[in-house]
Every structure is written in C-alpha cells, then in structure tokens.
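What follows is a set of notes on a single structure, which appears directly below.
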C-alpha cells in the first residue's frame, strides 16, 4: 500500500484543523503509520511460516492457525488506518465544494465573494468537521473492540491448545516471538486510545467554543437592546417637562393663568 500518497492527501487537512487535530494527525502518521510500515509488518511477517503445532496430521496446523489468528493483525491495522483517516477527506471535500461555489459566485457578481474564508469552520463545514471527529473516534473504538474480542484482551499466549478437526487430539501450538508481537500490539492499542482521546478533546473544544460564541452574541444583543431602550427613555421628555415648557403662542396673562391651573391641579 502507498501510505505516502495518503499522507500527502491528508496533509492538506492540517490547515483546516485545530491544535488537537494537528496532534491527532501527527500521532496517526508518526506513531501508527510509520511504526506499521517500518516495524510491525516485519514483526508479524512470519506469523504463518513459523506457527508450529506438535502434530503431523495434514490440515491440523492450518485449522489451528485460523482459529488462533482469525484475522491477521497486519490486515486489521491496515483497515483500521484506512477507515480512521477517510473521514478527514470529508472535510477536504466540503472545503473544495465551498471553493467551487465561491469561484462561480465571484464570476457572476464581479469580484464579490460568497465566503470570506472557505476553510472557516462555520455553518455546514462546522457540522462536517464535528461528524468527521465522531467517525474517527467511532472507527478506532470499533477496531479496538474487535481486537479485544478476537485475542482475549490483547493477549498472545506462548502456548495455545487446539482440539479442532482434523486434529486427532488436543495439540499444542506455538507462536513465534509472542512477547515481541504482544508489545507491538499493545503499542498500537495505546496509540489508538490516545487518538480517540484527541478526537474527544477536539469535539469538546469545538462545542465549547460554539457555545461561548452563541452566549457572547446573545449578551451583545441584550446589551444593544438595553442601550436602545435607555436612549429612548432619555430622549422622551417627562410630563412635568412638557408642562413647564413655555408655549410661544401664549401671552403673559394666558401663561400666568395656565400656571395657576397647573398649581390647582397639583394641589388637588
């Protein structure tokens, strides 16, 4: 498999990711893909060739090997890496879709842009990014559960008992370098768990940032409404001010009579 092509393809996601997303991508390629390509394939390359059972019954060794290794670790990890990295392509596809729409909008409206920044995580792109994180964490968790169920809690015993047909009786089977393989398996499990943690932290960061933004906008709107109401109250004159304001059309005698009427009204 050409992992360098996948790395080049996903490296473009870095500029659309948060700090947690960049850490996740570094974890995937340094601690998972690199270890998988450089070391894990060599460690697990002899699992079938050096699998030995203490019997000469034809077919017994193959049946016992299939029972102990129902899925090869190498193929399972390769599938896991493909499934885990594919959701990031959703984000890139959405950004490319936005860039295409923005380009058409610029051509039709003479330089006016539809998106100020197509890679900004707003609107639908925010939901796409959040959905990609859910998929990545979900795929990693599913593969860890499958590995746990297939290999009895991430364990590789030195000696395995097998009594399947066509074996004549219970035979002893031995795995080559079980300790080394178990260490690599635990390393891949721990790195997957750290990647899941990074996805969860990034989801919390995105949702928390979105909530804080909504609360900030709400407080700003409340402040503007309060300021407008206060300004209207200040501009509107009180009833006493309206009464005390002199009408320029009244004579002095009429003004004096009006003041006496106001005074009587106040006393009553």
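In full-length UniProt numbering, the protein residues as written are 1 to 268. Glycine residues also receive a C-beta, built at the ideal position from the N, C-alpha and C atoms.
Per the coordinates, the alpha-carbon of residue 54 lies some 14 Å from the alpha-carbon of residue 164.
Nearest in C-alpha terms to residue 80, of all of 142, 44 and 223, is 142. Counting C-beta pairs closer than 8 Å gives three or more between the region 20 to 30 and the region 193 to 213, which meets the contact rule. Here residue 129 is buried. Its C-beta has 16 or more other C-beta atoms within 10 Å.
Secondary structure at residue 112: coil, using DSSP grouped into helix, strand and coil.
Remark: C-beta atoms of residue 181 and residue 77 do not approach each other more closely than 9 Å. Just measuring C-alpha positions, the residue of 98, 68 and 173 sitting nearest residue 114 is 98.
The C-beta distance from residue 13 to residue 91 rounds to 6 Å, short enough to meet the 8 Å contact threshold. In the pairwise beta carbon analysis, the region 194 to 213 is classified as not touching the region 165 to 185: fewer than three pairs are separated by under 8 Å. Contact between residue 30 and residue 187 is absent: CB atoms are separated by about 12 Å, not below the 8 Å threshold.
Between the beta-carbon of residue 87 and that of residue 132 there is about 4 Å, and that keeps the pair under the 8 Å contact cut. In the three-state reduction of the DSSP assignment, residue 160 falls in the strand class. Just so you know, the alpha carbons of residue 105 and residue 227 end up roughly 38 Å apart. Under DSSP, residue 174 forms a beta bridge with 52 and 159. For the pair residue 218 and residue 230, the Cα-to-Cα distance works out to about 18 Å. The C-beta distance from residue 95 to residue 144 rounds to 30 Å, too long to meet the 8 Å contact threshold. Contact check for residue 51 against residue 60 fails: the beta carbons are separated by 9 Å or more. The beta carbons of residue 119 and residue 16 sit closer together than 9 Å. Per the C-alpha coordinates, the member of 136, 134, 69 and 110 positioned closest to residue 162 is 69. Distance from residue 158 to residue 178 at the Cβ level is roughly 5 Å; contact confirmed, criterion being Cβ atoms closer than 8 Å.
Minimum Cα-Cα distance from residue 121 among the listed residues 213, 222 and 135 corresponds to 213. Looking at the backbone, the Cα of residue 170 and that of residue 20 are separated by about 51 Å. DSSP places residue 62 in the uninterrupted alpha helix (DSSP H) bounded by 60 to 68.
Between residue 37 and residue 84, the gap from beta carbon to beta carbon reaches 9 Å or more.
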